[in-house]
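What follows is a set of notes on a single structure, which appears directly below.
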Amino acid sequence: MVDGRLTPRLRVRRLVGMICVLMLAVPLVMAATTRAFGADPVTLTMARNADMLTFDPVVTEDDPSIFVELQVYDRLVKLAASNTGVEPELATSWKVAPDGLSATFTLRPGVKFSDGSPLTADDVVFSLTRAIDQKGSWGFLFSPVKSVTKVDDKTVRLNMSEPFAPLLPALSTFAGSIYSKANFEKWGKDAGQHPLGTGAFVLDSWQKGSQLVLTKNNQYWQSGKPKVDRIVMRVVGDDNTRVLQLQSGQVDIIDFVPPNQVQQIMGAGQKIQKVDGTATLRYTLNETIKPLDEANVRCAMAYAIDRAAVAKNIYFGLATVARSLLPSSTLYYDGNADPVTFDLAKAKALLAKSSVPQGFTVTVNLPAGNQTRLDAAQIWASGLKQIGITLKIEQLETTTLIQMRNAEKYSIYNAAWTNDTPDPDELLGVALDFSSQHAAHTFYNNPKAKELLIQQRRELDPKKRQALVTELQRIVNQDCPQIYVVHEPRIYATTPAVVGFAPNSQGKYSFEDVTKK
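Residues 2 to 518 (the numbering used here) make up the sequence shown, in order.
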């Protein structure tokens, strides 16, 4: 009979067996530990209506480029979440001289570019010196700034020729982005394809016209951010295709949600993010093309579009009728400064005073795949037909359309522009300053408007500045260099798994706080 005790031989056998079991278990424990402490990379996929063109903020003129630059670069200051001013970013503090002729910024210590090299005052001076160059696309934003100087390794100073009321808002825009001087000099004219910034993400790959991939910046100065490891931005120009990809789970976020599909998307369990009235649907008229050089012709066309019908029938009440070039959320907006309304009798009277009283034929170029823009143009075409003008509608792929506009090879171009800050100076400058972008590629050049534009920039008294901005809105409504239709919302949609996606008051977004559950 054998009792419960082990003989020496059995003890050895049991010990060997236990060792074997433990050895087999180690890989399983290690695998479990790896999964617990090294979770799978989180990828966020977005379908966008168009591809970007460049990473060089100085020449950027398109929103697709701006939105990506905001992920890769930082600025001295950023737009405050409250929409009432700016807050620190690469600068921790700043001081404007009592006479308003200089502003000194203290740089945040310990910030590195994504390659590990330190951010220095030299990088800031280099970036902003390029930004203020009046030959660049956005030099007008900084026109009072005559130089940027290095005070010491962590301090820079902007020197102005006159007081500059919108200085801080201007610095918060993409045009004020800070990037590596050494990297830019290394790549030269190709630097716009090889970005090196301090932002939350880094360019991983870019298949132009198809897909762009950003990865997490491991050198990012904000601890714990970004929360996703990888962002895939697909180019999907067709509105309906983007919606289908969201609903099928192929993508996590889409932009330019068609207004007529908002309720359907919400009903299917997806989330809608809407920022009201931040973009203005407009038609840009090229004044080098006759008879668009005549104000009577342009304004006749402006009075022939039924804005209320566009807002109600095309945007399903989500847009508001444009009474100014400025959205109503903009500082010093005035909807009563001689607004252009739907008035066919007035349109006919203006056309009768022109060189083409019997009318003419002209082509408008629209982004392909955007049903909203097509429907709005058809309403305009209907009104124009009643005063003798035939509007031909031609749709082009969005990137091609932007390139055509930049080359100024068009008659009428349709787009929506956005303001990057609540301050009116950016939109006023784009619309009225001929020096940088030929007044938004219209070739509109009004010396009186340019002088008032300069005056409002240097006016530090809010009431006096407001009066100047109101007069500028009136001039634009009277000259009709562009035709403003509605202030449309920026509408995004996400799957329920996306957390933290929150576009700011101007419709711009950052991915540093976004994650997936």
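Note that beta-carbon positions come from the ideal geometry of N, C-alpha and C, so glycine has one too.
- Take leucine 102, set aside five residues on each side of it, and the residues of its chain with a beta-carbon closer than 6 angstroms to its own are Met161, in chain order.
- Taking a C-beta distance under 8 angstroms as the contact criterion, serine 506 and proline 448 do not qualify as a contact pair.
- Between alanine 280 and glycine 430, the CB-CB gap reaches or exceeds 8 angstroms.
- The stretch 208-253 contains, as complete alpha helix (DSSP H) runs of 4+ residues, the segments 240-248 (chain order).
- CA-to-CA, the gap between isoleucine 492 and valine 276 works out to about 7 angstroms.
- Straight-line spacing of the CA atoms in cysteine 481 and leucine 326 works out to 10 angstroms.
- Segment contact: the stretch 216-235 against the stretch 358-372, fewer than three CB-CB distances shorter than 8 angstroms; contact not assigned.
- Taking a contact to require three or more Cβ pairs closer than 8 angstroms, the stretch 137-154 and the stretch 66-86 do not qualify as touching.
- The C-beta of valine 152 has fewer than 16 other C-beta atoms within 10 Å across all chains shown, which makes the residue exposed.
- The residue from Val69, Phe56, Thr85 with its alpha-carbon nearest to that of leucine 332 is Thr85.
- Beta-bridge analysis with DSSP links histidine 488 to Thr281, Thr321.
- Isoleucine 273 sits in a strand when the DSSP states are folded into three classes.
- Bounds of any alpha helix (DSSP H) do not take in phenylalanine 106; it lies within the beta strand (DSSP E) bounded by 103-108.
- Counting every other CB atom within 10 Å of its CB across the protein chains shown gives leucine 461 a total below 16, marking it as exposed.
- As DSSP reads the structure, leucine 204 sits in a beta bridge with Leu215.
- In the DSSP assignment, arginine 459 falls within the alpha helix (DSSP H) that extends over 448-459.
- As a beta-bridge residue in DSSP terms, tyrosine 414 pairs with Thr285, Asn366.
- Residue range 44-49 is occupied by the beta strand (DSSP E) that includes alanine 48.
- Secondary structure note for aspartate 64: its alpha helix (DSSP H) is the uninterrupted segment 64-73.
- In this structure the stretch 311-318 does not touch the stretch 451-458; the number of beta carbon pairs closer than 8 angstroms is below three.
- Around the Cβ of lysine 209, a 10 Å sphere holds fewer than 16 other Cβ atoms; the residue is exposed.
- Look at glutamate 186 here: in three-state DSSP terms it is helix.
- The beta carbon of alanine 323 sits closer than 7 angstroms to those of Thr281, Arg308, Tyr485, Val486, Val487, His488, all from its chain and outside the five residues before and after it, given in chain order.
- According to the DSSP assignment, arginine 158 belongs to the beta strand (DSSP E) that extends over 156-161.
- Following the DSSP letters along the chain, one finds leucine 326 in no beta strand (DSSP E), marked with neither H nor E.
- Under the three-state reduction of DSSP output, isoleucine 315 falls in the helix class.
- By the Cβ criterion, the stretch 90-105 is in contact with the stretch 155-169, since at least three pairs of Cβ atoms, one from each stretch, lie closer than 8 angstroms.
- If you draw a straight line from the Cα of lysine 517 to the Cα of threonine 46, it comes to about 11 angstroms.
- Taking the Cα positions, lysine 386 is about 22 angstroms away from asparagine 478.
- Three or more pairs of CB atoms, one per stretch, sit closer than 8 angstroms, so the stretch 174-191 contacts the stretch 119-136.
- In this structure glycine 250 touches threonine 496 by the C-beta definition: roughly 7 angstroms separates them, less than 8 angstroms.
- Closest in alpha carbon position to serine 211, among Leu469, Arg458, Thr400, is Thr400.
- Residue ranges of uninterrupted beta strand (DSSP E) with 3 or more members, entirely inside the stretch 382-409 and ordered along the chain, are 391-397.
- Of the residues Asp294, Val69, Ser118, the one whose Cα lies closest to the Cα of tryptophan 207 is Val69.
- With 16 or more other Cβ atoms from the protein chains shown falling within 10 Å of its own Cβ, alanine 48 counts as buried.
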